[in-house]
Every structure is written in structure tokens, then in C-alpha cells.
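Notes follow the structure.
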Amino acid sequence: MRRAYAVLLALCLALAGALVTAGPAQAAALTIPNGVQFHDTSGNVLHAHGGGVLKVGAYYYWFGENRNADNTFKAVSVYRSTDLKNWELRNNVLTQSSAAELGTAYIERPKVVYNASTGKFVMWMHKENGTDYSEARAAVAVSDTVDGSYTYQGSFRPLGQYMSRDITTYVDTDGTAYMVSAANENYDLHIYKLTADYTGIDSLVANPWPGGHREAPALFKRGGVYFMLTSGATGWSANQQQYATATSLAGPWTSMANVGDSTTYNSQTAYVLPVTGTSGTSYLYMGDRWGNSFGGTVSDSRYVWLPLTFPSSTTMSLSWYPEVTVDTAAGTVGGTSATYHTLVARHSSKCADVPNQSLWQGIALTQYTCNSGGNQKWWFKDLGTGYYQLVGRGSSLCLQENATNVTQEDCDSGAATQQWSVVTSGSYVNIKARATGECLDVNGASTANSAAIITYTCNGASNQQWTRGT
């Protein structure tokens with residue numbers, strides 16, 4: 028009896044020890060909404076713009092830009108997650124007070140790499156004076172811990188001569204580290220080998236696309252093939268992204284090929300994250316939809332995350348999904364497929380429309396001549412309760428019923444004011460609000476462009492009857 032008790036006690040202690048040492052649990056596949064602002068685990072807007080991710084142990088650490096209202100540098104913030112959905116703010120690891128030259132500055136695209144030989148975490152970034160973009164310098168900071176304070180090492184032009192703007196970093200399988208930066212007024216893209224401690228430039232390895240006018244580089248390796256993903260240089264406005272491949276960083280590299288649509292789904296490359304698990308490795312495109320492009324600031328920016336797929340060993344594809352599914356334990360990244368519909372009013376033949384293609388919350392819906400724009404397309408997201416959310420293709424925001432109008436707002440699946448039922452009425456449908464039971468209605472049965480869309484007591488009138496087009 029004593030022996031059985033001792034064996035049972037030993038098993039319990041072993042199990043307890045395993046629970047203590049196993050580290051944080053990793054969830055199964057989680058769904059992440061796309062084209063929206065993210066929030067941290069405290070409910071605050073997450074500011075990691077232009078950033079990059081470093082995995083340390085079970086955790087992913089996401090570093091990025093946190094800016095002041097005038098777009099100047101406030102901090103490099105770092106967030107931590109095991110599942111890529113729930114992010115805890117860990118620290119502002121570099122701030123305006125970290126060095127005199129950071130008091131007024133632009134700090135962009137911070138990327139952190141770990142040097143196994145020195146035990147140091149090394150941050151590379153693009154540094155400007157906070158007034159214009161004439162400095163075109165790279166900057167370096169180091170830390171003993173991934174989310175501790177980083178000591179600023181200063182800024183410089185690579186090899187004392189080359190301009191350096193948008194940057195990324197990459198550590199190869201042999202431990203050699205590289206920095207890639209836009210040079211020559213963004214017309215060249217340089218690949219540099221770093222020094223053994225990762226804090227300086229050893230040599231210029233390649234300038235594969237002279238005159239290409241590319242920026243926002245992201246570099247990764249898949250199956251022995253290097254991929255370089257870049258955007259065009261059009262300021263804050265999104266453009267056609269392109270990629271090239273090589274089997275050696277020194278080249279030869281292929282010419283650039285298009286990927287995604289003409290605006291890369293209204294985003295610009297920040298980073299490509301390999302997600303490795305029991306089922307292999309998937310690749311997550313991490314992009315920024317800059318707030319400055321729609322009349323805001325960097326702090327208003329949204330995140331666009333999409334799965335990268337590879338039709339062959341040297342080709343890459345990027346498709347739009349309104350939601351991304353990620354399973355960090357399995358190492359899988361996918362997307363929620365969606366069909367988008369126009370909503371055409373029977374009485375006017377005009378479409379439900381977000382005025383001026385606005386991406387802002389609180390914008391009231393109107394009707395307008397149908398034009399196939401993303402601001403006239405809606406995903407009827409099935410909530411599994413007999414109700415739907417109507418999610419805008421252009422804004423990724425949801426239609427919400429209010430007392431006097433219908434607006435687009437941040438999606439909240441628990442809000443009855445954002446839940447709608449679809450009731451067939453002959454060849455048409457009524458869109459009925461769950462909160463009030465009223466129908467989507469063109470105010471006053473107006474046939475004019477910009478007439479307000481409201482909800483009103485359902486009455487069978489043609490200004491409450493809609494066709495769901497494709």
C-alpha cells in the first residue's frame with residue numbers, strides 16, 4: 028500500500044513538474060480579422076507599424092513603430108504572443124529619451140535579430156531627423172534581453188557613403204546576418220552582409236535591381252530559394268508589390284514579378300513571418316495599410332495579414348481573405364474565403380455605398396450609382412445564429428444600425444446593432460436589423476445619388492427591396 032502511494036505521489040509530482048516547465052499553451056487555429064486595427068490584451072490599440080517579428084522560445088515578439096500625433100518617433104514598442112492573435116504589450120524598448128538624436132526623429136521599420144555568438148539582441152532601423160528625409164541613415168541598438176531596454180549605438184550611412192531608407196534584416200541558416208536597404212533615393216536596393224556581431228556593415232553583397240525604385244523589402248528563404256518581396260516607392264499610397272528569387276544572396280536574382288493585386292490589397296510590405304509547427308512551415312505576409320493614405324496618421328494605420336502560397340519552388344501568390352486563420356502549433360496559415368455582394372436598391376437601381384471610399388468609422392451609408400468599387404461590396408458573414416454581419420470589402424468595417432442612420436464601424440459580433448437577417452421577398456431580399464426589426468431603407472424612396480440609407484419599419488416598399496449582386 029505504501030509503495031502504491033509512493034508511486035502515485037511520484038507520478039503526481041512529475042506531472043506537476045511537466046506543467047510548470049512546459050511553457051505557455053498554444054491554441055489551435057485562430058481567426059484574425061484583416062484590414063483593421065489590432066488591440067493588445069489590455070484593449071489598447073496595438074502600435075507595431077512597419078515592424079518585424081522574432082521568435083524566442085514559445086513566444087513571438089513583434090517590434091514596430093509607435094509614433095506621435097505628428098508622425099515623429101515616440102517609441103519602438105514590442106508585443107508578445109504565442110498564437111499571433113493575442114498580443115501583450117511588453118515594453119517600449121527604445122524611446123525618445125534613449126539618445127539625444129532620438130528626441131526629434133523618424134524611426135522606421137525596426138527589425139531585431141539575435142546573435143547566438145554574443146548573446147545580444149540587435150535592432151536595425153531607418154533613421155531620419157524628424158523634419159525631412161535628407162539623412163537617409165541606418166541605426167543600431169542592442170540589448171541583453173529581447174524585450175528589455177535597447178542601448179542606442181548611433182546612426183550612419185552604410186560603408187560611410189550609401190543612403191539607407193526602408194530596411195529589413197535576415198539571418199541565414201549558417202548564422203550570417205544581412206541587412207537590406209533602399210539606397211540612391213530608393214532607386215537601388217542594397218543587400219549588405221553584417222559584421223560578426225551584427226552591429227555593423229561588413230560589405231555590400233549585391234545591388235540586383237539598379238534603378239528599380241523599390242522599397243519596403245522583406246527577405247525570407249524557402250526550400251533553398253531566397254525570396255525578396257518589395258513595394259514600389261509611392262509614399263504612403265499603396266501600389267503593386269513585386270518579388271524576385273535567387274539561390275544565392277549575391278545573385279543572380281530574377282527580375283521582379285507582380286504579386287497580389289494592383290495595390291496589394293491596399294497595403295505595403297512590413298515583414299514575411301515563417302510560422303513553423305508540427306505540420307511544417309507556412310509564410311505569413313504582414314503589411315501596413317497606412318493611416319496617412321486615407322487622411323490620418325501612422326497611429327490610424329490598419330494591418331493586412333495574408334497567407335503566402337507557392338505554386339512552384341520559385342513562384343509566389345498572394346490572395347485576399349477577410350480573415351486569416353493561424354495555428355502556430357501546427358505551423359499553418361490560411362484564410363477565410365468570402366463572396367462579396369453589391370446591394371442594389373430596387374426602386375433606384377443604385378448601390379449601397381460608403382461615400383468617397385472612406386475607411387473611417389462612423390461614416391453613414393448612402394446610395395450611389397453602381398461602380399464595382401470595394402466601397403459597394405459586402406461580405407455577408409454568417410454568425411451561425413440566423414444573422415449576418417455585413418463587412419465592407421474596402422474598409423473591413425461592419426454595417427451598424429443607429430437611431431437615425433446606418434454607419435460602418437469596427438466589427439463586434441456580439442452587438443445586435445451589427446446583426447442582420449436576410450428575408451426573401453419575391454426576386455428581392457429585405458435586410459432586417461436584429462435590434463429593431465426594421466428594414467434597410469433608402470430614405471424617402473429617393474432615387475438621387477447620396478440619398479441616406481436608414482432603417483425603417485418594414486412595409487414592402489421597393490426602396491426596402493434589394494438585389495444581392497456579385
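First residue of the sequence shown? That's 28 in my numbering, and the numbers climb one at a time after it. The beta-carbon is built from N, C-alpha and C at its ideal position, and this holds for glycine as well. These numbers come from a predicted model, not from an experiment.
Between the alpha carbons of Tyr25 and His153, how many angstroms are there, rounded? Because the chain here runs from 28 to 497, residue 25 falls outside it and cannot be looked at.
Please state if the CB of Thr196 and the CB of Val140 are separated by a distance shorter than 8 Å. Yes. Within cutoff.
Span separating the alpha-carbon of Arg420 from that of Thr369: Roughly 10 Å between the two C-alpha positions.
Whole angstroms are fine: how far does the CA of Lys459 sit from the CA of Gln492? CA-CA distance, Gln492 to Lys459, rounds to 11 Å.
What's the gap between the Cα of Gly79 and the Cα of Gly400? Distance between the alpha carbons of Gly79 and Gly400: 32 Å.
Could you check how far apart the C-beta atoms of Val302 and Thr355 are, in whole angstroms? I think they sit under 8 Å. About 6 Å; that satisfies the 8 Å criterion.
Return helix, strand or coil for Thr444, following the three-state DSSP convention. DSSP places Thr444 in the helix class (H, G or I) of the three-state scheme.
Please decide whether Ser104 counts as near chain C, where near means a Cβ-Cβ distance under 8 Å. This model lacks chain C altogether; it includes just one protein chain.
Could you name the residues of the same chain whose beta carbon sits closer than 8 Å to that of Asp215, not counting the 5 residues immediately before and after it, in chain order? Cβ neighbours of Asp215 beyond the five flanking positions: Ala209, Asn234, Trp236, Pro237, Gly238, Gly239.
Quick one: complete beta strand (DSSP E) runs, 3+ long, within the region 152–203? Taking only runs of at least 3 residues, the beta strand (DSSP E) segments lying wholly in the region 152–203 are 164–170, 178–183, 194–198.
Which class does Pro60 belong to by DSSP, given the choice of helix, strand or coil? Pro60 falls in the strand class under three-state DSSP.
Relative to the C-alpha of Ile472, which residue among Gly487, Asn156, Ala462 is closest? A small fix is needed here, since residue 472 is Ala in this sequence, not Ile. Ala472 has its Cα closest to that of Gly487, out of Gly487, Asn156, Ala462.
Buried or exposed for Gln427, please, with buried defined as at least 16 other CB atoms from any protein chain shown within 10 angstroms of its CB. Residue burial is scored here from C-beta neighbours: Gln427 has at least 16 other C-beta atoms within 10 angstroms and is therefore classed as buried.
Starting from Leu256 and walking both ways along the beta strand (DSSP E), at which residues does that stretch end? It spans 252–259 - the beta strand (DSSP E) in which Leu256 sits, taken as one unbroken run.
Determine the extent of the beta strand (DSSP E) in which Trp236 is found, giving its start and end residues. Premise fails: Trp236 is in no beta strand (DSSP E) and is neither H nor E.
Count the other CB atoms, across all protein chains shown, that sit within 10 Å of the CB of Thr396; report buried if there are 16 or more and exposed otherwise. Flag for Thr396 reads exposed.
Inspect the beta-carbon positions of Gln445 and Cys425 and report whether they are closer than 8 Å. The criterion of a C-beta distance shorter than 8 Å is satisfied by Gln445 and Cys425.
Proximity of Met190 and Val167 at Cβ, strictly below 8 Å: For the 8 Å CB-CB criterion, Met190 and Val167 do not form a contact.
Look at the alpha carbon of Ala479 and the alpha carbon of Lys377, and state the distance between them as a whole number of angstroms. So the alpha carbons of these two residues sit roughly 12 Å apart.
Which residue from Thr200, Asn211, Val120, Ile228 puts its Cα closest to that of Leu179? Reading the sequence as shown, one finds Tyr at residue 179 and not Leu. Ranking Thr200, Asn211, Val120, Ile228 by Cα distance to Tyr179 puts Val120 first.
In this structure, how does DSSP classify Thr222 when only helix, strand and coil are distinguished? Reduced to three states, the DSSP call for Thr222 is coil.
Terminal residues of the beta strand (DSSP E) in which Asn501 lies: Because the chain here runs from 28 to 497, residue 501 falls outside it and cannot be looked at.
Go ahead and pull the three-state DSSP assignment for Glu465. Coil.
With C-beta atoms as the reference, is His74 less than 8 Å away from Ser104? In terms of Cβ geometry, His74 and Ser104 form a close pair [threshold 8 Å].
Per DSSP, what kind of secondary structure is Val325 in: helix, strand or coil? Looking at Val325 - three-state DSSP - the assignment turns out to be helix.
Local conformation of Ala7 per DSSP, three classes: Residue numbering for the chain in the displayed model covers 28 to 497; residue 7 lies beyond these limits and cannot be assessed.
Of the residues Gly187, Thr272, Gly496, the one placed nearest Asn398, counting alpha carbons only: Cα-wise, what sits closest to Asn398 is Gly496.
Given a threshold of 16 other Cβ atoms within 10 Å of its Cβ, counted over all protein chains shown, does Gly441 qualify as buried or as exposed? Exposed, by the Cβ-count rule.
Which two residues bound the contiguous beta strand (DSSP E) that contains Trp114? Segment: none, Trp114 is in no beta strand (DSSP E) and carries neither H nor E.
Whose C-beta lies closer than 7 Å to the C-beta of Thr203 among residues of the same chain, with five residues either side of it excluded? Closer than 7 Å at the Cβ level, and outside the excluded window around Thr203, lie Lys220.
Beta carbon of Asp224, beta carbon of Thr145: below 8 Å? In this structure, Asp224 sits near Thr145, with a CB-CB distance shorter than 8 Å.
Per DSSP, cross-strand counterpart(s) of Ser108: As computed with DSSP, Ser108 is found in a beta bridge with Tyr87.
Closest to Thr366 by C-alpha separation, out of Lys404, Thr359, Ser340, Pro185, would be which residue? Measuring from the Cα of Thr366, the nearest candidate turns out to be Lys404.
Any idea what DSSP makes of Gln269, helix, strand or coil? The answer is strand: DSSP assigns Gln269 an E or B state.
Pick from Asn98, Ala391, Met255: whose alpha carbon is nearest that of Ile436? In the sequence as presented, Ile is not what sits at residue 436; that position holds Glu. The candidate whose alpha carbon is nearest that of Glu436 is Ala391.
Use the C-beta contact count for Asn71: other C-beta atoms within 10 angstroms, 16 or more gives buried, fewer gives exposed. Looking at its Cβ environment, which holds fewer than 16 other Cβ atoms inside 10 Å, Asn71 is exposed.
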